[in-house]
Amino acid sequence: MPGNSSIMGKENCESYFIFHGETSLGVGFRTFLYFLGLAYCFVGLSAITARFFQSMESVVSHTRKVVDINPYTGAEIIMYEKVWNFTIADISLLAFGTSFPQISLATIDAIRNLGKLYAGGLGPGTLVGSAAFDLFPIHAVCVVVPRAGELKKIADVGVWLVELFWSFWAYIWLYIILEVWTPNVITIWEALLTVLQYGLLLMHAYAQDKRWPYFSLPLPRSERPEDWVPAEVVTCKSDSGPCNNYSEILEVGEDENRNVVDIFSIHSGSGIGPVYQNVPGTDETPEYSNKDSPEKMSLEDYHVFAIWRQQFVDAVKLESTEPRKLNNLYLRLARISWQLLLVPWRLLFAFVPPYHIAHGWIAFICSLVFISAIAYIVTQLTDLISCVTGINPYVIAFTALASGTSWPDLVASKIAAERQITADSAIANITCSNSVNIYVGIGVPWLIDTAYNFFVYKEPLRIENAAGLSFSLLVFFSTSVGCIAVLIIRRRTLGAELGGPRLWAWITFVFFMLLWLIFVVLSSLKVSGII
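FYI, our numbering numbers position 188 of the sequence shown as 202, with every residue one higher than the one before it.
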């Protein structure tokens, strides 16, 4: 419920979050409490990200059984073909899932504004600010993540160019509908066309991946690895049975309950701990009929309800500080305090069903529901911060909301840059997330509001601060050209977009962060009416 605050925030804000007594507190103390609550919500988003990634890796790893006959020997051969194409998985599951906090926030903001002729400011502002955070700080982190001297380049340049084109076109399209076709107004047809372009992105990227004639660029894949994730050397013990062609990645000891998981591996059924098997890079894995599929082995070795019960046990169990050799008392206390801070979130998210059920789809959907719930709380807290302080909602959206809701994007790209041989998924997650932010994150909320206004009032949706949003788009487009130019220069000089000598990696990091600061400062000054 909106409060009574002026633009400069001099009047008292009568809105409150839980208790009416909050209105009697001082402005500074209330602001501190609401920002603290906002930060704790971002911690929750970080915690649910682990569950989300585990469910997503189970979905992507799903295979289908194909039976074939060897024409020479007549032997029956069973092959397990991956259901998901890597390019489609990057654009849909990975990019859409990591952008879901922003999409949820924008959709909730649109639903709250149903019946109003003017669109809300939190959704578009957050999504444009998130695009800048994705492009600059996340690229900066990915550049310095590889080990010193290690180079990771894009193997499929054609797919990246297609994704980059649709990412840039998304913001050009947004500027066109805001300033050229129908200035300061969004019609139902413009919103519908915005959403439909996400389908065009999927089809174009798939066509490029499959090298369809007339629909793809004639660019060959360079040094594309057979294994999307590099195999790790493991020792096969005699009592553990025969080793198969998959490499195992076993998380043991203190890493058993860590919040970051490898999203590019598939769950294995061997062992009693969290063991993972790498997804082969080829389109199919042949096996003879006397071998069981990984999915069948997983269902035989694990009991779903036992795993679900163990989730609650792990949620309230503190991690020992001894394996990390934290001799400093203050470091131990800080680590224990952090774990205690996470307990409520971990206990809540333990209700998410194990990702062994239905190939992870149930856990995937439940994770998105929790993300939506946190996004709703974030919108309430953001309204209160704007009401109490008088800060323009667009400024909060460009800065705090964009950075906090983009945390899953940062985690996903960082893991990809660390674990994958190439830079494809790390950079694809950034470019595709930016496309998803516009086509889905802004398109769907605007479609909801424009459809309601069209059928109820016979009126379009009006954008209250279209000039400020358009200015932010121009600044973003200008700075993004510098970012892409640096990536191309690194490819031409160092041979790869990510990694390389530490000095040049950190210089790139500083340059990308400087571009982000330019965007944030200029956009904030414009929407605040200072420039």
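All residues carry an ideal CB built from backbone N, CA and C; glycine is no exception.
If you check the beta carbons only, do residue i and residue j fall under 8 Å apart?
| i | j | result |
| --- | --- | --- |
| A162 | W460 | no |
| K166 | T436 | yes |
| V470 | Y48 | no |
| S144 | N406 | no |
| G172 | L231 | yes |
| A440 | N198 | no |
| T445 | L178 | yes |
| A519 | V157 | yes |
| Q211 | V176 | no |
| F56 | W421 | yes |
| V534 | F110 | no |
| G482 | Y408 | yes |
| P160 | G496 | no |
| L528 | V489 | no |
| F546 | L361 | What is shown of the chain runs 15 to 545, which leaves residue 546 out entirely. |
| M70 | F468 | no |
| T464 | D123 | no |
| D423 | D148 | yes |
| L486 | V142 | Leu is not the amino acid found at residue 486; the sequence shown has Ser there. Closer than 8 Å, so yes. |
| H153 | W180 | no |
| G374 | V81 | no |
| L332 | I350 | yes |
| I200 | I462 | no |
| I105 | L233 | no |
| T112 | A426 | yes |
| I477 | L207 | no |
| F150 | F523 | no |
| A119 | A329 | Sequence check: residue 119 is Leu here, not Ala. Not closer than 8 Å, so no. |
What's the call for residue i, buried or exposed, on a 16-neighbour Cβ count within 10 Å?
| i | result |
| --- | --- |
| F491 | exposed |
| K540 | buried |
| D397 | buried |
| G40 | exposed |
| I544 | exposed |
| H370 | buried |
| P227 | exposed |
| R272 | Since pLDDT at R272 reaches only 40, below the 50 mark, its modelled position is unreliable, and the value read off the structure follows with that caveat. Exposed: under 16 other Cβ atoms inside 10 Å. |
| G139 | buried |
| G129 | exposed |
| L415 | buried |
| W359 | buried |
| P515 | exposed |
| E204 | buried |
| R506 | exposed |
| W195 | exposed |
| A530 | The amino acid at residue 530 is misidentified as Ala; the sequence shows Trp. Per the 10 Å Cβ criterion, buried. |
| F114 | buried |
| W352 | exposed |
| R323 | exposed |
| N448 | buried |
| L354 | exposed |
| I168 | buried |
| S400 | buried |
| E473 | exposed |
| I190 | exposed |
| E240 | A caution first: E240 carries a pLDDT of 45, below 50, which makes its placement in the model too unreliable to give a value. |
| E164 | exposed |
| A499 | exposed |
For residue i, which residues does DSSP report across the bridge?
| i | result |
| --- | --- |
| K79 | Y94 |
| L512 | K166 |
| V199 | R476 |
What ranges does the alpha helix (DSSP H) occupy inside the stretch 83–170, keeping only unbroken runs of at least 4 residues that lie completely in it? 100–103, 109–112, 114–126, 136–147, 153–158
Report yes or no: do the stretch 69–78 and the stretch 88–95 share at least 3 C-beta pairs separated by less than 8 Å? yes
Give, in chain order, every unbroken run of the alpha helix (DSSP H) that is at least 4 residues long and sits entirely within the stretch 429–482. 438–450, 457–470
Evaluate contact between the stretch 57–66 and the stretch 359–378, counting only Cβ atoms and requiring at least three cross-stretch pairs below 8 Å. yes
Give a yes or no on contact between the stretch 368–386 and the stretch 342–352, applying the rule of three or more CB pairs nearer than 8 Å. no
Every unbroken alpha helix (DSSP H) within the stretch 328–378, with a cutoff of 4 residues, ordered by chain: 343–363
Complete runs of the alpha helix (DSSP H) confined to the stretch 16–75 [at least 4 residues]: 41–74
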